[in-house]
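Enquirer: Pasting in a structure now, in structure tokens, and then I'll have a few things to ask.
There are 2 protein chains.
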Amino acid sequence: MNSKKKLRKAGLRATKQRIVVADILFNGQHRHFTAEDLQSEIIKIGKHMSLATIYNCLKSFRDLGVIKQVESLSETAVFDTNVEYHHHFMNEETGELIDIKPSEINLSKLPKIPEGYSQSGLDVIIKLRKNS
Amino acid sequence: MNSKKKLRKAGLRATKQRIVVADILFNGQHRHFTAEDLQSEIIKIGKHMSLATIYNCLKSFRDLGVIKQVESLSETAVFDTNVEYHHHFMNEETGELIDIKPSEINLSKLPKIPEGYSQSGLDVIIKLRKNS
DNA sequence: AAGTAGTTTAGAATGATTTTAAAGTAATTT
DNA sequence: AAATTACTTTAAAATCATTCTAAACTACTT
Ligand SMILES: [Mn+2]
Ligand SMILES: [Mn+2]
Ligand SMILES: [Zn+2]
Ligand SMILES: [Zn+2]
Numbered sequence: 007m008n009s010k011k012k013l014r015k016a017g018l019r020a021t022k023q024r025i026v027v028a029d030i031l032f033n034g035q036h037r038h039f040t041a042e043d044l045q046s047e048i049i050k051i052g053k054h055m056s057l058a059t060i061y062n063c064l065k066s067f068r069d070l071g072v073i074k075q076v077e078s079l080s081e082t083a084v085f086d087t088n089v090e091y092h093h094h095f096m097n098e099e100t101g102e103l104i105d106i107k108p109s110e111i112n113l114s115k116l117p118k119i120p121e122g123y124s125q126s127g128l129d130v131i132i133k134l135r136k137n138s
Numbered sequence: 007m008n009s010k011k012k013l014r015k016a017g018l019r020a021t022k023q024r025i026v027v028a029d030i031l032f033n034g035q036h037r038h039f040t041a042e043d044l045q046s047e048i049i050k051i052g053k054h055m056s057l058a059t060i061y062n063c064l065k066s067f068r069d070l071g072v073i074k075q076v077e078s079l080s081e082t083a084v085f086d087t088n089v090e091y092h093h094h095f096m097n098e099e100t101g102e103l104i105d106i107k108p109s110e111i112n113l114s115k116l117p118k119i120p121e122g123y124s125q126s127g128l129d130v131i132i133k134l135r136k137n138s
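Each protein sequence line maps, in turn, to chains A and B.
Heads up: take any position in the first sequence, counting from 1, add 6, and you land on my numbering.
Heads up: take any position in the second sequence, counting from 1, add 6, and you land on my numbering.
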């Protein structure tokens, strides 16, 4: 099934722009990318698309669930007076952080570190929602 | 020891502004805050300080190691074609992400979820540096 | 007290993202 | 197939966090 059909099936209009983006993204290989990464790629294949459109498109794809947006704690810099190594609970609605002592978490199995690299940090973020 | 002495000992000039910030931050209780949070608090106690100064001050405190800046993956939105639940390696120099399958990580001990909340997500980020 | 280097600040600049509003187009209805 | 309509795209402006600039200021040294 081509991108055009998939878009229609998902309830999105099959615009030229969405088809270009879908054709680039859904080629079978997974990837991490920014809106600008995508725009560069689009320019490389001789096409043009405004950044606003790319953001619109990525957000509708994300809302559809066919891509996801990597979680970033916050758009703004957050500082912490606790300088000990520790992890965080994050209230998803408010962004509020609560400390977790490393002793409260146990990672009994860790993945193999890629060749040529070594681990320089570990962050665990447990996201919370208020009970309904 | 007062803030003035502590700043001097750390090799920073004991400016009026740094003393105000230190007096607010180092009162014994830990906290998470943004530059603007701090500015609001400063305004509340009848003082004035430019945001540029607050950023300067927080960055020098951070570089000293007396506060830390909470890690955020990236300042720009990153999208991922892998919509399955998974974790990430992150190259600290480049920001590049590599997927980690949940089966490669085992959290055998998790902290107690705060009263009235439930867990809505879990993110593990393992930071990497190239071997020297 | 004078000198010097580090610091503060208003305001401009930057970079990512969103908004505006006008023009364009996909899907639907005649 | 043309008309209709709602959704989409886009350039440009706006917004927001953060950094930069350059001039005024001030903490510490001599
Ligand atoms: Mn990128
Ligand atoms: Mn805040
Ligand atoms: Zn913390
Ligand atoms: Zn991923």
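Heads up, the beta-carbon is just placed ideally off N, CA and C, and yes, glycines get one too.
Taking C-beta to C-beta, are A/I73 and B/V89 nearer than 8 Å?
Expert: Cβ distance < 8 Å, so A/I73 and B/V89 count as in contact.
Enquirer: Under 8 Å, with one C-beta from each stretch per pair, do the segment 95-111 of chain B and the segment 51-59 of chain A reach the 3-pair mark?
Expert: Not touching, per the Cβ criterion.
Enquirer: Determine, using beta-carbon pairs with one atom in the segment 8-25 of chain B and one in the segment 119-137 of chain A, whether at least three such pairs fall under 8 Å.
Expert: With a cut-off of 8 Å, the segment 119-137 of chain A and the segment 8-25 of chain B do not count as touching, because too few Cβ pairs lie within range.
Enquirer: Should B/L103 be listed as close to ligand 4, given that the test is whether its C-beta is under 7 Å from any heavy atom?
Expert: Indeed, a heavy atom of ligand 4 lies less than 7 Å from the Cβ.
Enquirer: Using a Cβ cut-off of 8 Å (strictly closer), state whether B/G52 contacts chain A.
Expert: Closer than 8 Å: no.
Enquirer: Can you say whether A/H94 is buried or exposed, counting buried as having 16 or more other CB atoms within 10 angstroms of its CB?
Expert: Buried: at least 16 other Cβ atoms inside 10 Å.
Enquirer: Please determine, among A/E77, A/A16, A/R19, A/R37, the residue with the shortest C-alpha to C-alpha distance to B/T87.
Expert: Of the listed residues, the one whose Cα sits closest to B/T87 is A/R37.
Enquirer: Do B/S78 and A/S126 come within 8 Å of each other at the CB atom, strictly closer than that value?
Expert: No, Cβ-Cβ distance for A/S126 and B/S78 is not below 8 Å.
Enquirer: Suppose you measure from the CA of B/S114 to the CA of B/Q75; what does that come to, to the nearest Å?
Expert: Distance between the alpha carbons of B/S114 and B/Q75 is about 28 Å.
Enquirer: Verify the CB distance criterion: does B/N88 have a CB-CB separation below 8 Å to chain A?
Expert: It does: the Cβ of B/N88 has a partner Cβ on chain A nearer than 8 Å.
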